[in-house]
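**Student:** Whatever position you read off the sequence shown (first residue = 1), add 80 for this note's numbering.
Glycine included, each C-beta is placed from N, C-alpha and C at the ideal position.
Predicted model, so just to flag it, every value in this text is computed and none were measured.
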Amino acid sequence: MNYFLILISISWAQTDLVFPWITNNAQFQGTIIVNNLSAEQVEVELVATRPSGDQQIAHISLPAFGQYVAKASQVFEQLGSGSGFSVRLRSSSDLISGGFVNEGTGSDSGSSPAQANPIPFGTASNDLIFNFMPTTSTRFSAPVIYNASDESLRVTVRAFRSGYRSRSRRTKH
């Protein structure tokens with residue numbers, strides 16, 4: 081008589097998102113949005129990391145179909161005002177979505193928002209294309225490159241204007 085043991089491995093679905101740049105200073109104020117799209121309460125971990133390596137971790141509990149909206153200054157109070165930071169969101173639920181708004185407080189209205197969505201951590205790429213980055217003498221665009229490793233990386237940025245390459249710049253981060 082032969083006996084067979086069958087092992088079943090269950091892989092729990094998860095959410096792992098990166099908010100590449102959240103701000104908290106006198107010029108720019110960030111807001112973090114997290115949505116629970118499931119019919120169950122979920123726990124979410126948010127890890128904020130400044131370029132210097134300083135971190136703060138926040139845990140939030142979201143009710144079924146709940147939404148969390150908070151200023152970065154409230155969620156990550158210990159980091160204080162300063163340069164921006166990335167935020168990594170993790171949850172055991174695969175029904176989590178998010179967004180973020182960075183508001184420029186120096187505009188005439190006092191609130192010039194830029195809104196975006198976090199990206200799934202696993203979809204990171206070695207090639208980035210910023211299709212349009214307007215600049216003027218009083219306004220600017222700020223591309224963000226998120227380095228998920230502990231090692232420095234070399235980045236080459238190529239700028240084009242009106243279909244022509246204007247210059248390349250290499251930086252190490």
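Excluding the five sequence neighbours on either side, which residues of its own chain have a C-beta within less than 6 Å of the C-beta of V224, listed in chain order?
**Tutor:** In the sequence shown, the residue the question calls residue 224 occupies position 144. In the same chain as V224, and ignoring 5 residues on each side of it, the C-beta atoms closer than 6 Å to its own belong to P100 and W101, in chain order.
**Student:** May I ask you to verify whether the segment 125–134 touches the segment 160–174, counting CB pairs closer than 8 Å and requiring at least 3?
**Tutor:** Between the segment 125–134 and the segment 160–174 there are three or more C-beta pairs closer than 8 Å, enough to call the two in contact.
**Student:** How would you label L169, buried or exposed, when you count the other beta carbons within 10 angstroms and need 16 or more for buried?
**Tutor:** Against the sequence shown, residue 169 aligns to sequence position 89. So L169 counts as buried.
**Student:** Whose C-alpha, out of S191, S171, Q195 and G190, is nearest the C-alpha of L142?
**Tutor:** What you label residue 142 is simply residue 62 of the sequence shown in a count that begins at 1. Here the closest residue by C-alpha is S171.
**Student:** Do the segment 112–127 and the segment 173–183 touch if we need at least three Cβ pairs shorter than 8 Å?
**Tutor:** Yes: the two stretches touch, three or more of their Cβ pairs being nearer than 8 Å.
**Student:** Who are the Cβ neighbours of Q158 in its own chain at under 7 Å, not counting the five residues just before and after it?
**Tutor:** Residue mapping note: residue 158 aligns to position 78 of the sequence shown, counting from 1. Hits under 7 Å: Q136.
**Student:** Report buried or exposed for G160, applying the criterion of at least 16 other Cβ atoms within 10 angstroms of its Cβ.
**Tutor:** Here residue 160 refers to the residue found at position 80 of the sequence shown. It counts as exposed.
**Student:** Can you give the Cα-Cα distance for G146 and H139, rounded to whole angstroms?
**Tutor:** Indexing the sequence shown from 1 puts residue 146 at position 66. Indexing the sequence shown from 1 puts residue 139 at position 59. Distance between the alpha carbons of G146 and H139: 15 Å.
**Student:** Considering only residues of the same chain and omitting the five flanking positions on each side of S229, which have a CB-CB separation below 8 Å?
**Tutor:** Within the sequence shown, the letter at position 149 stands for residue 229. Once the five neighbours on either side are set aside, S229 has no close Cβ partner at all.
**Student:** Could you check whether T95 and V181 sit closer than 8 Å to each other, using their CB atoms as the reference points?
**Tutor:** Start at 1 with the first residue of the sequence shown, and residue 181 comes out as number 101. Start at 1 with the first residue of the sequence shown, and residue 95 comes out as number 15. No, they are not a contact pair.
**Student:** Could you tell me the alpha carbon to alpha carbon distance between V124 and P200, rounded to whole angstroms?
**Tutor:** To locate residue 124, count along the sequence shown from 1; it is residue 44. To locate residue 200, count along the sequence shown from 1; it is residue 120. The alpha-carbon atoms of V124 and P200 are separated by roughly 15 Å.
**Student:** Where does the unbroken beta strand (DSSP E) through Q94 begin, and where does it stop?
**Tutor:** By 1-based counting over the sequence shown, the position of residue 94 is 14. Per DSSP, Q94 belongs to no beta strand (DSSP E) and is neither H nor E.
**Student:** Which class does E157 belong to by DSSP, given the choice of helix, strand or coil?
**Tutor:** Position 77 of the sequence shown, counting from 1, holds the residue named residue 157. E157: helix per DSSP, three-state reduction.
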